[in-house]
Amino acid sequence: MIRLDLAQLPFSLLDDDALAQLRQGADVAYYDRGEVILDAGDVGQHVFVIEKGAVEELDLSAPSARARIGLYTHGDLFGAISVLNGHSRYRFVADQETLCYLIPGVLFSRLCEASAPFADYFRQRLAEKSRLLTEQREGGVTMAGFMLARVSECMRAPLLLEAGDTIQDAVRALNKQRADSVLVFREGELGIVTKTDMLNAMVLQGRDVGAALGDVAEYRLVTVAPDEFLFAALVKMTRHEVARVVVLRQGRPVGVVELPDVLSYFSSRSYVVGLEVEKAGDLEALALASARLPELVRALMAQGVKLRFAMDLLAALNGRIMSKAFGFVVPAARQAQSCLIVMGSEGRGEQILKTDQDNGLILADDVDWPDREPVLARFSDTLLTLGYPPCPGHVMVNNPEWVHSVAGWRARIARWALLRDGASMMKLAIMLDAHAIAGDLTLLDKVRAALFDQCSRDELLLSQFARSVLKFSTPLTLFGSLKKPQHGIDIKKGGIFPIVHGVRTLALQARIDATSTFVRLERLAASGVLSREMAEDLGEAMSLFAELRLHQQLQRMADGEPGEGSLLVVQKLPSLERDMLRDALHVVSDFRQHLSRRFHLEY
Numbered sequence: 002m003i004r005l006d007l008a009q010l011p012f013s014l015l016d017d018d019a020l021a022q023l024r025q026g027a028d029v030a031y032y033d034r035g036e037v038i039l040d041a042g043d044v045g046q047h048v049f050v051i052e053k054g055a056v057e058e059l060d061l062s063a064p065s066a067r068a069r070i071g072l073y074t075h076g077d078l079f080g081a082i083s084v085l086n087g088h089s090r091y092r093f094v095a096d097q098e099t100l101c102y103l104i105p106g107v108l109f110s111r112l113c114e115a116s117a118p119f120a121d122y123f124r125q126r127l128a129e130k131s132r133l134l135t136e137q138r139e140g141g142v143t144m145a146g147f148m149l150a151r152v153s154e155c156m157r158a159p160l161l162l163e164a165g166d167t168i169q170d171a172v173r174a175l176n177k178q179r180a181d182s183v184l185v186f187r188e189g190e191l192g193i194v195t196k197t198d199m200l201n202a203m204v205l206q207g208r209d210v211g212a213a214l215g216d217v218a219e220y221r222l223v224t225v226a227p228d229e230f231l232f233a234a235l236v237k238m239t240r241h242e243v244a245r246v247v248v249l250r251q252g253r254p255v256g257v258v259e260l261p262d263v264l265s266y267f268s269s270r271s272y273v274v275g276l277e278v279e280k281a282g283d284l285e286a287l288a289l290a291s292a293r294l295p296e297l298v299r300a301l302m303a304q305g306v307k308l309r310f311a312m313d314l315l316a317a318l319n320g321r322i323m324s325k326a327f328g329f330v331v332p333a334a335r336q337a338q339s340c341l342i343v344m345g346s347e348g349r350g351e352q353i354l355k356t357d358q359d360n361g362l363i364l365a366d367d368v369d370w371p372d373r374e375p376v377l378a379r380f381s382d383t384l385l386t387l388g389y390p391p392c393p394g395h396v397m398v399n400n401p402e403w404v405h406s407v408a409g410w411r412a413r414i415a416r417w418a419l420l421r422d423g424a425s426m427m428k429l430a431i432m433l434d435a436h437a438i439a440g441d442l443t444l445l446d447k448v449r450a451a452l453f454d455q456c457s458r459d460e461l462l463l464s465q466f467a468r469s470v471l472k473f474s475t476p477l478t479l480f481g482s483l484k485k486p487q488h489g490i491d492i493k494k495g496g497i498f499p500i501v502h503g504v505r506t507l508a509l510q511a512r513i514d515a516t517s518t519f520v521r522l523e524r525l526a527a528s529g530v531l532s533r534e535m536a537e538d539l540g541e542a543m544s545l546f547a548e549l550r551l552h553q554q555l556q557r558m559a560d561g562e563p564g565e566g567s568l569l570v571v572q573k574l575p576s577l578e579r580d581m582l583r584d585a586l587h588v589v590s591d592f593r594q595h596l597s598r599r600f601h602l603e604y
């Protein structure tokens, strides 16, 4: 009987009887270095599991420089698709002396017929494999209960009153329902009144208990849908500095979610950090709260929080920290005349650990601010004390190049679009990811509209803009050169950048104003620019790259190593994660080809 380890995916999907058949039916074979194990076009006779050695995968239809597309090592499986499809698309060659377990194709096909989950594993796209990986990590539970919770599971029935009802009416209704807020209708408009609002109205504004609720209500509501994740509601509360959100279904109020309800589902750690940020009355207190973000990241990862949710929450907290710092340093009158923007990964909301100061400022056209430069220099220094290092490219508000009026930004965008050189394309990309976090947020809308008007319909510019996705090759070939433990692949350049910039280009053409790569993908799929399948796979690939990189960064921090480290050591990954990494890099390679065809690039 062969001693084949069947505890890992995909074999863990089989029942005991199937596993017994597998142990009885498997064989073993030895291959010399350079020996062809399975050739392109061959009928698949076996599925191979590597016990010792390494096998390289070659695409004979590619140029010689790109022919090597994969390296399989201990625990890796190959040849399954050849059995299922009837022939092999690629050539598999022993890269060194190699020992493989051989599963007969007939037996493998029989096992697939008997177990749908086992068969599906070999046909699944990256999105399904990602879910399997999460289940494996959580011991069979896909996510913590909170991460599966929807807003509809936590919302309270709304308490509805009319604008003509009084504060006294509202207090009686609130006491009866044991609620903290009431929704108010006023001429087709929906508002909200809290107990605090009513107290302020009477104590600070001198209103009596007979005052109409319509005059007290706040009509700028933060809303969610019933089927949204509860975590998304927490992110919105953090971003908008509110303790409750209104739940709307097709424009009609169906519930209210309050912060205490959310915290009953989730660890309060994130709220504690957020509360410390909000309560910080000076820079020293803000710095103490900011220093706790890495602790929060580790806690979220330990709890199995999905990376995208963690990104959203951390982006909201980072935005609040920078916004408060802006408020401490910049005079209130100047804040109302300007808009602080963050760019890069912070602008996209895709940074977990603190990143460089990629920021800029938009001024209203009629602003005269003579002492602007020393104030903005002090703001950049303040961010440095809060743990945000300077941008190596000096994309910061203390650089006059990144501070302009609305008209000034429009002129710069027009100039970049006219020049179309590498530096100009990079600056357009930076501005496309701009996200407003403080001041008059509408100023960014005006600049973004000018950017879309200037660039979204210019096919030649779009082609030049997209060309950067070819700057770094997808590191599939590097799987074939990872022969020493210190070797690795640059996931940021070869994986994350092509997705981010390719999606950014499509979003520019489609005039999508969202900055998050994940939201851009959703909207590109909804509008038919990308297939739903490609959008999902790109999102999963992006998540995988970011998660692998984050775990490496956290480990380097724990080990006291400087810097974030640019290379991912593939040999240290478990077999399933290596398999998913290959799949993800193939997704990136296919996406690059898609972009090359769409924008007429040389690939």
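Read the sequence shown against the numbering used here and you will find it ends at 604, with the numbers running on by one and no gaps. Cβ coordinates follow ideal geometry from the N, Cα and C atoms, glycine included.
Item                                                                                                                                                                           : Value
To test your reading of the DSSP string, which unbroken alpha helix (DSSP H) runs of 4 or more residues are found completely within the stretch 295 to 352?                    : 308 to 330, 333 to 336, 345 to 349
Decide if residue 17 is buried, meaning its Cβ has at least 16 other Cβ atoms within 10 Å, or exposed.                                                                         : exposed
Going by DSSP in three states, residue 587 sits in which element: helix, strand or coil?                                                                                       : helix
Quick check on this structure: which residue in 108, 99, 94 has the alpha carbon closest to the alpha carbon of residue 48?                                                    : 108
So what's residue 227 in DSSP terms, helix, strand or just coil?                                                                                                               : coil
Going by DSSP, what residues sit across from residue 250 in a beta bridge?                                                                                                     : 253
Go through its chain and collect everything with a Cβ distance to residue 378's Cβ below 7 Å, but skip five positions before and after it.                                     : 399
Which of helix, strand or coil does DSSP assign to residue 421?                                                                                                                : coil
Check for me: the alpha helix (DSSP H) holding residue 513 runs from which residue to which?                                                                                   : Per DSSP, residue 513 belongs to no alpha helix (DSSP H) and is neither H nor E.
In its own chain, which residues sit with a C-beta less than 8 Å from the C-beta of residue 1, not counting the 5 before and 5 after it?                                       : Examination of residue 1 is not possible in this model, given that the chain is present from 2 through 604 alone.
If you drop the 5 nearest sequence neighbours on each side, which residues of the same chain put their C-beta closer than 8 Å to that of residue 521?                          : 504, 505, 507, 508, 513, 515
According to the Cβ coordinates, are residue 223 and residue 152 closer than 8 Å?                                                                                              : no
Given this structure, state the Cα-to-Cα distance separating residue 242 from residue 396, to the nearest angstrom.                                                            : 28 Å
Quickly, what does DSSP pair residue 44 with across the bridge? List them, please.                                                                                             : Answer is none; residue 44 lacks a bridge partner.
Can you list, in chain order, the residues of its chain with a C-beta nearer than 6 Å to that of residue 436? Leave out the 5 residues immediately preceding and following it. : 343, 348, 516
Given 8 Å as the limit, is there contact between the stretch 93 to 101 and the stretch 25 to 43, that is, 3 or more CB pairs closer than that?                                 : yes
Is the beta carbon of residue 470 less than 8 Å from the beta carbon of residue 502?                                                                                           : yes
Is residue 42 near the ligand GTP - that is, is its Cβ less than 7 Å away from at least one heavy atom of it?                                                                  : The model depicted lacks the ligand GTP and carries no ligand whatsoever.
Roughly how many angstroms separate the alpha carbons of residue 350 and residue 209, rounded to a whole number?                                                               : 45 Å
Among 58, 238, 600, 14, which one has its Cα closest to the Cα of residue 583?                                                                                                 : 58
Expressed to the nearest angstrom, what Euclidean distance is found between the alpha-carbon atoms of residue 69 and residue 60?                                               : 6 Å
Taking 8 Å as the limit between beta carbons, can you name the residues of its chain near residue 380, skipping five residues before and five after?                           : 326, 327, 330, 331, 398, 399
Looking only at its own chain, which residues have a Cβ that is under 7 Å from the Cβ of residue 425, when we skip the five neighbours before and after it?                    : 417
Determine the burial state of residue 11: buried for a count of at least 16 other Cβ atoms within 10 Å of its Cβ, exposed for fewer.                                           : buried
Based on Cα-Cα distance, which residue from 88, 593, 537, 558 lies nearest to residue 519?                                                                                     : 537
Pull up the distance between the alpha-carbon of residue 102 and that of residue 121, whole angstroms please.                                                                  : 22 Å
Sort 111, 588, 408 by Cα distance to residue 20 and report the nearest one.                                                                                                    : 111
Using 8 Å as the threshold, is the C-beta distance between residue 295 and residue 184 below it?                                                                               : no
Using the DSSP secondary-structure output, state which residues sit across from residue 72 in a beta bridge.                                                                   : 57
How far does the alpha helix (DSSP H) with residue 38 in it extend, from its first residue to its last?                                                                        : Counting along the chain, residue 38 falls outside any alpha helix (DSSP H), though it belongs to the beta strand (DSSP E) covering 37 to 39.
Give me the DSSP bridge partner(s) of residue 239.                                                                                                                             : BP columns for residue 239 are empty, so no partner.
Tell me whether residue 555 sits in a helix, a strand or coil according to DSSP, three-state version.                                                                          : helix
Determine, using beta carbons only, whether residue 406 and residue 366 come nearer to each other than 8 Å.                                                                    : yes
Any idea what DSSP makes of residue 208, helix, strand or coil?                                                                                                                : coil
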